[in-house]
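Everything below concerns the one structure shown next.
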Amino acid sequence: MQNSKSSLAALTLGAIGIVYGDIGTSVLYALKVLFSTGHLPLTPANVYGVLSMVFWTITLVVSLKYVTLILRADNNGEGGLIAMLALASNAVADRPRLRGWLLGVGIFGTAIFYGDGVITPAISVLSAVEGLNLLSPEFEPYIIPAALVILFGLFYVQKNGTSGIGRFFGPICVLWFVTIAALGIPHIVAHPEVLGAISPHHALRFALQNPGTTFVLLGALVLCVTGTEALYADLGHFGRKPIQLAWFALVMPALLINYFGQGALLLERPEALANPFYLMAPPWLVAPLVILATAATVIASQALLSAAFSVTKQAIQLGYLPRMEIRHTSVRETGQVYVPVVNWALFATIVVAVGLFRNSTNLASAYGIAVTTDMLITTVLTFFVIRYAWKLPLALCVGATGLFFLIDLLLFASNTLKLLDGGWFPVLIGGCMFTVMMTWKKGRAILTDKLRADAIDLSSFLEAVFISPPTRVDGTAVFLTAEPGTVPNALLHNLKHNKVLHEHNLFVTVRNHEVPWIGMDKRIEIEPLGHACWQVTLHYGFKNDLDIPRALERIRGHGCDLDNMTTSYFLSRDVVVPTIGNGMAPWREKLFAQMHHNASAAADFLNLPSNSVVELGSKVEI
14 MQNSKSSLAA
24 LTLGAIGIVY
34 GDIGTSVLYA
44 LKVLFSTGHL
54 PLTPANVYGV
64 LSMVFWTITL
74 VVSLKYVTLI
84 LRADNNGEGG
94 LIAMLALASN
104 AVADRPRLRG
114 WLLGVGIFGT
124 AIFYGDGVIT
134 PAISVLSAVE
144 GLNLLSPEFE
154 PYIIPAALVI
164 LFGLFYVQKN
174 GTSGIGRFFG
184 PICVLWFVTI
194 AALGIPHIVA
204 HPEVLGAISP
214 HHALRFALQN
224 PGTTFVLLGA
234 LVLCVTGTEA
244 LYADLGHFGR
254 KPIQLAWFAL
264 VMPALLINYF
274 GQGALLLERP
284 EALANPFYLM
294 APPWLVAPLV
304 ILATAATVIA
314 SQALLSAAFS
324 VTKQAIQLGY
334 LPRMEIRHTS
344 VRETGQVYVP
354 VVNWALFATI
364 VVAVGLFRNS
374 TNLASAYGIA
384 VTTDMLITTV
394 LTFFVIRYAW
404 KLPLALCVGA
414 TGLFFLIDLL
424 LFASNTLKLL
434 DGGWFPVLIG
444 GCMFTVMMTW
454 KKGRAILTDK
464 LRADAIDLSS
474 FLEAVFISPP
484 TRVDGTAVFL
494 TAEPGTVPNA
504 LLHNLKHNKV
514 LHEHNLFVTV
524 RNHEVPWIGM
534 DKRIEIEPLG
544 HACWQVTLHY
554 GFKNDLDIPR
564 ALERIRGHGC
574 DLDNMTTSYF
584 LSRDVVVPTI
594 GNGMAPWREK
604 LFAQMHHNAS
614 AAADFLNLPS
624 NSVVELGSKV
634 EI
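Residues 14 to 635, numbered by my numbering, are exactly what the sequence shown covers, in order.
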């Protein structure tokens, strides 16, 4: 019992540091942006109305939608948009058109997540460093360089993983939430009437009296619920109970106390709108607060980066991105990975974003579209999960998701007003990523069809070969092939050029499935083909790590005991040649060919020993 309690405490502490870093730092800029839009005079009635909208947005979107409902939609204990997509698509597997539509929508949500991955670190770190202005106006020219240096340091240390510094995330974020609550309490005590904004009638009155302004403000209101997708994405790391406990016991109370404290400050000193968060603190506390805020925003950015790496790995294994170098940064946590290409591409794009927008207020104009798009897609997928996977009554499903869909739709619609003011930036990133992902998926399908059309049946081929068998040599040959039951090109080239066949031959196909994990007991299927040849199929979930040699160790006892010193892995290296025909548009075929050419080596991706790999290439026209 004691161990269970200590484990829950440790997981809750970890959830505070990793899951809530993003939403926890939104207090730095959200209320300032809401009142800095130019649409809202700073009157007591407006302060009450905005605070009421903040309170009920956090309550409905975070507490009810994500913490209460979405966290229940786990895919074998895993969460996140791809896990939800897998659940929804499998639930409607008997409806191919609907399944195809859901896959397209889900992948678009995954693609636009990368836009969020650019804006979030930029706006978080910039908003923290902007506190230097309050120490002295002379710091103004150094704010952007300082933010970029901090961001560069963050991206540079990614190659070392988070295991070393991760143990500090929880305590620092606990200190952050305690601090922001402590900042708000004195101002609430001085103006306790501000707590009346909890009543929803203030929000309703404000909306009825200012319908147009309210619609515009919804685009900024989403800043209060940034990072909500992390609640679901990190489900597999911490579990539902620690995430819920962290939210209700510390995070939500601290956020609301700080927002209401900022509101009380604005009621007393309207000029504090310049930076209500930092101006809540006494002057002597501003410098330490800037340091703590910077640490908190770095942690928030770290959580999003880790998610970007994880999403990339999952997308690769589901066949929506080409192979990339993936480094495991922890011997204990298989989910801790580092993808160098994604890391530095995000950093380069963040530098562009900071250079374009210059400050956190301008970046807020670019923020929101990516977040609300993913929120909307998550709600849609949730409906199909609870309706078709959980088999709940239609009326209950509509009731459970309808309110959230309406809220998400309003937030999304409001953010489209910011499209020309900066919202185009994350949309452009998401559109480019979606094009890349769908082009890769389509190109792989065309390539597979082409190879299948030209393929030779393996069983018939082996029968013909063994009528007059070639020379057999000692050892085992492992031929990787995309389609089971077909002759790998590498085997044809090996027979043509080397005129030998190994003593044992394995024809191995890797199958990736739309589930997070597949256990070792279900990893391997083996079928004897005769003449010391076997057809082997290996099954992996999208969160499993591919390791072919380790998986093949399980065939011992089937007449083929692999010896690492005498096993060779034969790979077919296909060179894609775009041609005019019935495939994709010429520019997409060229894009696919370039991605196929630049994909990381299959040997590294499959964890094959580099000194035992033989690659034999051929050209394939698509």
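Beta carbons are placed, not taken as given, at the ideal position from N, Cα and C, and that holds for glycine. Here the structure is a predicted model, which is why all the values come from computation and not from measurement.
With distances taken between CB atoms, is the gap from residue i to residue j smaller than 8 Å?
{"i": "Ala124", "j": "Val142", "result": "no"}
{"i": "Trp547", "j": "Ile537", "result": "no"}
{"i": "Pro335", "j": "Trp453", "result": "yes"}
{"i": "Gly249", "j": "Pro529", "result": "yes"}
{"i": "Val40", "j": "Phe290", "result": "yes"}
{"i": "Val324", "j": "Glu338", "result": "no"}
{"i": "Val67", "j": "Tyr380", "result": "no"}
{"i": "Leu460", "j": "Val589", "result": "yes"}
{"i": "His215", "j": "Ala277", "result": "no"}
{"i": "Met97", "j": "Thr391", "result": "yes"}
{"i": "Val364", "j": "Val118", "result": "no"}
{"i": "Val46", "j": "Ala309", "result": "no"}
{"i": "Met293", "j": "Leu148", "result": "no"}
{"i": "Gly122", "j": "Leu94", "result": "yes"}
Can you tell me whether residue i is helix, strand or coil according to DSSP?
{"i": "Gln275", "result": "helix"}
{"i": "Leu559", "result": "coil"}
{"i": "Val105", "result": "coil"}
{"i": "Lys632", "result": "strand"}
{"i": "Ala159", "result": "helix"}
{"i": "Ile537", "result": "strand"}
{"i": "Trp547", "result": "strand"}
{"i": "Tyr333", "result": "coil"}
{"i": "Phe479", "result": "coil"}
{"i": "Arg569", "result": "coil"}
{"i": "Thr429", "result": "helix"}
{"i": "Gln15", "result": "Bear in mind that a pLDDT of 48 at Gln15, under 50, signals an unreliable position, so the model cannot answer this."}
{"i": "His200", "result": "helix"}
{"i": "Val352", "result": "coil"}
{"i": "Thr56", "result": "coil"}
{"i": "Tyr33", "result": "coil"}
{"i": "Glu91", "result": "strand"}
{"i": "Leu423", "result": "helix"}
{"i": "Gln327", "result": "helix"}
{"i": "Arg340", "result": "strand"}
{"i": "Ala615", "result": "helix"}
{"i": "Leu111", "result": "helix"}
{"i": "Gly554", "result": "strand"}
Determine the closest residue to residue i out of the options, with distance taken between C-alpha atoms.
{"i": "Ser481", "options": "Val513, Ala259, Ile185", "result": "Val513"}
{"i": "Thr38", "options": "Thr241, Leu286, Trp357, Glu284", "result": "Thr241"}
{"i": "Leu145", "options": "Ala101, Ala300, Thr72", "result": "Ala300"}
{"i": "Ser76", "options": "Val238, Val633, Glu206", "result": "Val238"}
{"i": "Gln171", "options": "Gly444, Thr342, Ile29", "result": "Thr342"}
{"i": "Ser623", "options": "Ser631, Phe583, Val138, Met608", "result": "Phe583"}
{"i": "Ser137", "options": "Gly412, Val74, Ala366", "result": "Ala366"}
{"i": "Trp189", "options": "Gly274, Ala220, Ile312", "result": "Ile312"}
{"i": "Tyr587", "options": "Arg108, Thr494, Val549, His515", "result": "Looking at the sequence shown, residue 587 is not Tyr but Asp. When only C-alpha atoms are compared, the closest one is Thr494."}
{"i": "Val191", "options": "Ile95, Gly30, Ile635", "result": "Gly30"}
{"i": "Lys326", "options": "Val74, Ile304, Asp558, Glu566", "result": "Asp558"}
{"i": "Ala267", "options": "Asp87, Tyr61, Asp487, Cys186", "result": "Cys186"}
{"i": "Leu389", "options": "Asn372, Phe418, Trp403", "result": "Phe418"}
{"i": "Arg457", "options": "Met608, Ser102, Phe360, Pro599", "result": "Met608"}
{"i": "Val449", "options": "Trp600, Ile198, Asn620", "result": "Trp600"}
Starting from residue i and walking both ways along the alpha helix (DSSP H), at which residues does that stretch end?
{"i": "Met502", "result": "At residue 502 the sequence reads Asn, which differs from the Met that was named. First-last of the alpha helix (DSSP H) with Asn502: 502 to 510."}
{"i": "Glu242", "result": "241 to 246"}
{"i": "Phe397", "result": "382 to 397"}
{"i": "Thr227", "result": "224 to 234"}
{"i": "Tyr291", "result": "289 to 292"}
{"i": "Met639", "result": "Lying outside 14 to 635, the shown extent of the chain, residue 639 is not represented and no answer is given."}
{"i": "Lys254", "result": "253 to 259"}
{"i": "Ala86", "result": "It is not in any alpha helix (DSSP H) - Ala86 carries neither H nor E in the DSSP assignment."}
What span of residues does the beta strand (DSSP E) with residue i cover, start to end?
{"i": "Thr484", "result": "484 to 493"}
{"i": "Arg524", "result": "513 to 526"}
{"i": "Val590", "result": "580 to 590"}
Whole-angstrom Cβ separation of residue i and residue j, contact assumed at under 8 Å?
{"i": "Asp434", "j": "Thr385", "result": "Their Cβ separation, rounded to whole angstroms, is 15 Å, which puts Asp434 and Thr385 out of contact at 8 Å."}
{"i": "Val398", "j": "Leu100", "result": "5 Å"}
{"i": "Thr499", "j": "Ile469", "result": "7 Å"}
{"i": "Pro439", "j": "Ala383", "result": "4 Å"}
{"i": "Ala259", "j": "Ala28", "result": "4 Å"}
With 8 Å as the threshold, decide whether the Cβ of residue i is near any Cβ in chain D.
{"i": "Met597", "result": "Within the model displayed, chain D is absent; a lone protein chain is all it includes."}
Measuring only from the beta carbon, is residue i closer than 7 Å to any heavy atom that is part of the ligand NAP?
{"i": "Leu394", "result": "With respect to the ligand NAP, the structure shown offers nothing to examine, as it has no ligands at all."}
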